[in-house]
Amino acid sequence: RSSERRRRDWHRAYLRSVMERDAREISSAERLDRLPDLFGLLAARAGQLLNWSALGNDARLDGKTVERYVRLLEQLYLVRRVPAWSGNQTQRLVSTPKLHFVDSGLLATTLNLATAQLALDRSPLGSALESFVFGELAKATAVADDELMMSHYRDKDQVEVDFVIENGAGLVLGIEVKASSSVQASDFRGLRRLKDRVGSRFAQGIVLYDGKHVLPFGEKLSAAPISVLWAE
Numbered sequence: 001r002s003s004e005r006r007r008r009d010w011h012r013a014y015l016r017s018v019m020e021r022d023a024r025e026i027s028s029a030e031r032l033d034r035l036p037d038l039f040g041l042l043a044a045r046a047g048q049l050l051n052w053s054a055l056g057n058d059a060r061l062d063g064k065t066v067e068r069y070v071r072l073l074e075q076l077y078l079v080r081r082v083p084a085w086s087g088n089q090t091q092r093l094v095s096t097p098k099l100h101f102v103d104s105g106l107l108a109t110t111l112n113l114a115t116a117q118l119a120l121d122r123s124p125l126g127s128a129l130e131s132f133v134f135g136e137l138a139k140a141t142a143v144a145d146d147e148l149m150m151s152h153y154r155d156k157d158q159v160e161v162d163f164v165i166e167n168g169a170g171l172v173l174g175i176e177v178k179a180s181s182s183v184q185a186s187d188f189r190g191l192r193r194l195k196d197r198v199g200s201r202f203a204q205g206i207v208l209y210d211g212k213h214v215l216p217f218g219e220k221l222s223a224a225p226i227s228v229l230w231a232e
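Quick note: the sequence shown, position 52, residue 52 per UniProt numbering, numbers continuous.
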């Protein structure tokens, strides 16, 4: 069997173990047999705003039960909610959290993403890549000397920034993820909006992309290869 097939088999076995054993050890919630189906529905919505009602309708569960199950999946370190950034200014900002998968490999397996498929159609790569970046940022913020808060930005005009990292002094770093080998000025729309909103507290805005070069796009704005996340 190929290494990719072995990896998928391992992910599936791990998920079965977590769903069938670990979940029951830490929760007495009813209908835990529905957890795998809900996990699949969440995978299809990775990186999107959480809508308990819509999830409940698709899962045929009430919204409160879905929220309870998501909390359980967070306890199992499978998913994590990323709160909306407010910046102490609530006007015209969306307050709904997003949901990300802690392990992008588990997400890819759940979505049945294969290398051969992505070679033909890269469109499904976006959510998996964003969750991969989330996982790397979560690890980095957890061990940083400074206390860092991670959130996402979205306003009423639906202008977004995938990740906003703010330190204790209020300095803001914005990160956008793009599953493409090229970057355009329009890819910085959300980062520019965030920069205008926070003013002098804006430290840097970065578009992470599937390319090889660091590219300037104006003051405190640049594009960088995703590989900078693990470069020394």
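Glycine is no exception: its CB is placed at the ideal position from the N, C-alpha and C atoms. Remember, it's a predicted structure, so these values are computed and weren't measured experimentally.
Can you have a look at residue i and say buried or exposed, based on whether 16 or more other CB atoms are within 10 angstroms of its CB?
i      : result
Trp85  : buried
Ile26  : exposed
Phe156 : Looking at the sequence shown, residue 156 is not Phe but Lys. Exposed is the call here.
Glu4   : exposed
Ala223 : buried
Lys139 : exposed
Arg60  : exposed
Val133 : buried
Glu20  : exposed
Arg6   : exposed
Val214 : exposed
Ala119 : Residue placement at Ala119 cannot be trusted, given a pLDDT of 48 that sits under 50; what the coordinates show is reported in the next sentence. Looking at its Cβ environment, which holds fewer than 16 other Cβ atoms inside 10 Å, Ala119 is exposed.
Pro216 : exposed
Arg24  : exposed
Gly168 : exposed
Gly199 : exposed
Glu147 : exposed
Ala46  : buried
Val183 : buried
Val79  : buried
Sort out for me which residues DSSP pairs residue i with in a bridge.
i           : result
Val226      : Sequence check: residue 226 is Ile here, not Val. Answer by DSSP bridge pairing: none, since Ile226 is not bridged.
Ile206      : Ile175 and Ser222
Trp160      : The displayed chain sequence assigns Glu, not Trp, to residue 160. Answer is Arg154.
Val214      : In DSSP, Val214 forms no bridge with anything.
Lys98       : Leu49 and Val82
residue 236 : Coverage of the chain is limited to positions 1 through 232, which leaves residue 236 absent and any answer about it impossible.
Glu166      : Met149 and Val172
Let me make sure I understand the geometry here. Which of the options has the alpha-carbon closest to that of residue i?
i      : options                           : result
Gly63  : Tyr69, Arg71 and Ser53            : Ser53
Ser127 : Glu74, Lys139, Ser104 and Thr141  : Ser104
Val159 : Ala23, Ala44 and Leu93            : Leu93
Asp9   : Thr109, Pro216, Glu130 and Thr65  : Thr109
Glu130 : His152, Gly168 and Ser200         : His152
Arg31  : Leu49, Tyr69, Ala43 and His11     : Tyr69
Leu171 : Leu215, Phe188 and Met150         : Met150
Arg135 : Asp162, Asp145 and Ala169         : Looking at the sequence provided, one finds Gly at residue 135 rather than Arg. The option with the nearest alpha carbon to Gly135 is Asp162.
Leu221 : Leu194, Trp230, Val228 and Leu229 : Leu194
Leu137 : Arg154, Leu111 and Val164         : Val164
Asp187 : Ile175, Leu35, Met19 and Val66    : Ile175
Thr141 : Leu107, Leu229 and Leu113         : Leu229
Arg81  : Leu148, Leu107, Phe101 and Leu35  : Phe101
Arg71  : Glu166, Leu50 and Gly87           : Leu50
Gly40  : Asp22, Ser28, Arg16 and Gln184    : Arg16
Gly218 : Ala169, Arg201, Arg192 and Asp33  : Arg192
What residue range does the alpha helix (DSSP H) around residue i cover?
i      : result
Val198 : Arg189 to Val198
Val82  : Where Val82 is concerned, there is no enclosing alpha helix (DSSP H), although the beta strand (DSSP E) it sits in stretches over Val79 to Val82.
Asp9   : Ser3 to Ser17
Ser104 : Ser104 to Thr110
Arg68  : Gly63 to Gln75
Leu41  : Leu35 to Ala44
Arg24  : Ala23 to Ile26
Compare the C-beta of residue i with all C-beta atoms of chain B and state if any pair is closer than 9 Å.
i     : result
His11 : Within the model displayed, chain B is absent; a lone protein chain is all it includes.
Cβ contact (3+ pairs, closer than 8 Å) linking the segment 163-180 and the segment 204-220: They touch, by the three-pair rule.
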